[in-house]
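Below is one structure; the comments refer to it alone.
Protein chains in written order, with the numbering used here: chain A, 558 to 790; chain B, 68 to 328.
What follows is the structure in structure tokens.
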């Protein structure tokens, strides 16, 4: 296994500390993002509006952390002129926070739909939606673990799972369509649920981005848009 | 033909180094080194003190022979011509492969005579010819505009950065093909350093430049190719943009990220 996190420490300990601070901030942000996804889905299944409100508040902390990571990265870039693995780590960090922040926003969107749904009687028991949410949460969790460990194989497994999420979305969409065709009064709730499925699908895409960024950070090889830009090897 | 890292077309190897090993007495200082130095590009040699990079640089124009007890094995070819071997005049080699040192070392003569020195030694006596060549060399060294009105003043009155550019002009006056530079900016302030770096970039349009530097950011800024030396060994040689973003060898990684210590 190739590790991105260096076993050797910097000769300059202050520099080492700055890089560690970026890493810690990123992980804290990742944990908060995991919380928000987990909480938003529980708010849906438990019809817990209070929890949904709490999760929306967590997003403000995520946004705060995003700005802090950006600031820390800028400082290190300006003062240390990092190269090689340090440079790849920092440029990855700058992109990673954007994906994490977007996931947080999508978590907020889920909570907003949950609040709307909780004003109505439940449409149906949820089966696929919690399963889809679990798949997405695991992808996110694994992507963050792959980042910490600099583990390419784990990152690639995350990327491979995105097709499961897409399959869930197609399945859920089809099912909700039948509810809507059955009775137009279902449309308000069904479209909310469909939006939630779409948000989860987008979170899966962001988790996939995280996996791709980890591969770049470790190997220095950009695997995004593979086969979509023509031959850019 | 593929584009080089600086957008210029890839040129063939100007200097081909094979199995080059340098000894000081019984002790091996560096080698064996195998390396192709691409023409009309800048190649930087980096590595910690004592890694052999300066010794390697000096062996490229047979400067090491001036050091007692120094012995060189292996071969260096300039456009296919061996520079080591029986019957090859080191002075003729050094005319084709010039050198600039860390400390500017102008002669205690006028600005003009500093640049003209190599020409006169080389047998050029025509004053008009010398004046033209001096102007051209000073222009190439980006010094002409600053000194054209005081060519007969002493070179010792120039600033450190100007003195170093004067030494570059002196090296260029004899129209070498390759310019070796041993930490040419390490004794200069940031602005004078920026002038020298810009100059190196301009010179690489016409000359092949090999530069030793302790300043890794400088190598990253000026060089098209970078060679990393460590403990007398050439560890890694690659395009600068590759070496500073994804080096192959963990020793290169440790050195350029500051993990040696």
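A virtual CB, placed ideally from N, CA and C, is assigned to each residue, including glycine. Note that the structure is a prediction, hence the values are computed from the model and not measured.
Quick one: what's got a C-beta closer than 6 Å to residue i's C-beta in the same chain, skipping five residues either side?
i, result
"residue 137(B)", "91 and 131"
"residue 754(A)", "726 and 729"
"residue 736(A)", "743 and 747"
"residue 760(A)", "660, 663 and 693"
"residue 704(A)", "771"
"residue 169(B)", "249, 250 and 253"
Between residue i and chain B, is the shortest Cβ-Cβ distance under 8 Å, so that the two count as touching?
i, result
"residue 725(A)", "no"
"residue 558(A)", "Bear in mind that the predicted position of residue 558(A) carries a pLDDT of just 37, short of 50, making it too unreliable to give a figure here."
"residue 777(A)", "yes"
Nearest CA to the CA of residue i: which residue from the options?
i, options, result
"residue 309(B)", "636(A), 641(A) and 573(A)", "641(A)"
"residue 646(A)", "724(A), 573(A) and 717(A)", "573(A)"
"residue 133(B)", "142(B), 122(B), 143(B) and 141(B)", "122(B)"
"residue 221(B)", "215(B), 179(B) and 185(B)", "179(B)"
"residue 627(A)", "774(A), 583(A), 717(A) and 732(A)", "583(A)"
"residue 239(B)", "199(B), 153(B) and 219(B)", "199(B)"
"residue 301(B)", "82(B), 86(B), 324(B) and 79(B)", "86(B)"
For residue i, go through chain B and note every residue whose CB falls closer than 9 Å to its CB, in chain order.
i, result
"residue 532(A)", "Residue 532(A) lies beyond the residue range present for chain A, which begins at 558 and ends at 790; the question has no answer from this structure."
Using 8 Å as the limit for Cβ to Cβ distance, is residue i near chain A?
i, result
"residue 321(B)", "yes"
"residue 307(B)", "no"
"residue 312(B)", "yes"
I need the DSSP call for residue i, collapsed to helix, strand or coil.
i, result
"residue 783(A)", "coil"
"residue 574(A)", "helix"
"residue 191(B)", "coil"
"residue 664(A)", "helix"
"residue 105(B)", "strand"
"residue 406(B)", "With chain B covering 68 to 328 only, the question about residue 406(B) has no answer from this structure."
"residue 313(B)", "coil"
"residue 138(B)", "strand"
"residue 228(B)", "helix"
"residue 704(A)", "helix"
"residue 579(A)", "helix"
"residue 241(B)", "coil"
"residue 324(B)", "coil"
"residue 755(A)", "helix"
"residue 770(A)", "helix"
"residue 123(B)", "helix"
Taking C-beta pairs closer than 8 Å, name the residues in chain A that residue i reaches, listed in chain order.
i, result
"residue 326(B)", "563, 565, 566, 567 and 568"
Can you list the residues of chain A that residue i reaches, using a CB-CB cut of under 9 Å?
i, result
"residue 284(B)", "638 and 640"
Using a C-beta to C-beta distance shorter than 8 Å, which residues of chain B count as neighbours of residue i?
i, result
"residue 645(A)", "312 and 313"
Less than 7 Å between the CB of residue i and some heavy atom of the ligand COA, yes or no?
i, result
"residue 274(B)", "This structure lacks the ligand COA, and indeed carries no ligand of any kind."
Leaving out five residues before and five after residue i in sequence, what residues of the same chain have Cβ atoms less than 7 Å from its Cβ?
i, result
"residue 764(A)", "693, 696, 697, 700 and 715"
"residue 637(A)", "572"
"residue 272(B)", "107"
"residue 280(B)", "111, 113, 250 and 286"
Using C-beta distances below 8 Å, list every residue in its chain close to residue i, excluding the 5 sequence neighbours before and after it, in chain order.
i, result
"residue 258(B)", "228"
"residue 225(B)", "173, 178, 214 and 233"
"residue 160(B)", "128, 129, 145 and 150"
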